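Enquirer:
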Amino acid sequence: MKHYARRLKVQDNVNTDYVISGRYKFKIQDPKELAKHIFEDIDPDFAARVMKGDILVAGENFGCGSSREQAPQAIRSAGFYAVAAKSFARIFYRNAFNLGLILVECDTDFIDDGDELELDIEKGKLKDRAKGLVFDTKPIPSVMKRLLRDGGVVEHFKKYGGFKFD
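In this text, residue positions in the sequence shown follow the working numbering: the first is 112, and each later residue adds one.
#1: From the DSSP output, read off the bridge partner residues of L214.
#2: Residues bridged to K238 by DSSP?
#3: Please identify the residue among K236, V265, Y135 and H148 whose C-alpha is closest to the C-alpha of I251.
#4: Tell me which residues share the same chain as G190 and place their Cβ nearer than 6 Å to its Cβ, disregarding the 5 neighbours each side in the sequence.
#5: Whose C-alpha, out of I213, D156, L230 and A195, is nearest the C-alpha of D220?
#6: State the beta-bridge partners of N126 as determined by DSSP.
#7: Look at A207 and P183 and say whether their C-beta atoms are less than 8 Å apart.
#8: Have a look at A185 and E144 and give me their C-alpha separation to the nearest angstrom.
#9: Does the beta-carbon distance from L230 to V215 come in below 8 Å?
#10: I'd like the list of long-range same chain contacts for F203, defined as Cβ closer than 6 Å, with 5 residues on each side in sequence excluded.
#11: Of all the options I131, I139, K197 and S177, which has the alpha carbon lying nearest to the alpha carbon of D152?
#12: Measure the beta-carbon distance from D223 to F246 and round it to whole angstroms, keeping in mind my assumption that it falls under 8 Å.
#13: Using the Cα positions of M255 and N209, report the straight-line distance between them to the nearest angstrom.
#14: Kindly list the residues whose CB is nearer than 7 Å to the CB of V264, restricted to its own chain and excluding five residues on each side of it in sequence; keep chain order.
#15: Taking I166 and A193 to be in contact with their CB atoms under 8 Å, please state how far apart those CB atoms are, rounded to whole angstroms.
#16: Does I166 come out as helix, strand or coil in the three-state DSSP assignment?
#17: Name the residue from F276, A241, R179 and T248 whose alpha carbon lies nearest to the alpha carbon of I213.
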């Protein structure tokens, strides 16, 4: 499956409090409202620039910090299709797949803010269409792909009444 999107970029070591500030984590329960505040402390206008289907691009160690699920939930609710980064913090990685947010690991150094991207999860390729560069992505484990197809772990449980992987 191929997905075409515009890319928005953030730096290395973005922690979950930069994704969604702690002052909102417990005050706002509606994911759509929470999404209006993503990256607010880094860039107050960030959420206004997000278009449905965009790909968020980051550097190393994206999602470090707390284990709360509000960070990947806010990214998904903001309309991002996927996040591409050099690496992800372990708990963020798991929380994102649990919520049905696609994460791909690849070299992101040569991608600039606003570049048009093409993501092919099955082939493991991320193409920067503006520059004609193609990046290999780390393979997504089949169990994670299944969770993504089902919309996350909760939706998977609803569908099958438990874990079902074949």
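Using N, Cα and C, we set each Cβ at its ideal position, and we do this for glycine too.
Remember, predicted model here, so these are calculated numbers, not experimental data.
Expert: Reading from the atomic positions:
#1: V194
#2: E229 and V245
#3: K236
#4: V161 and K163
#5: A195
#6: C175
#7: yes
#8: 9 Å
#9: yes
#10: G174
#11: I131
#12: About 14 Å; that fails the 8 Å criterion.
#13: 8 Å
#14: N209 and L258
#15: 5 Å
#16: strand
#17: T248
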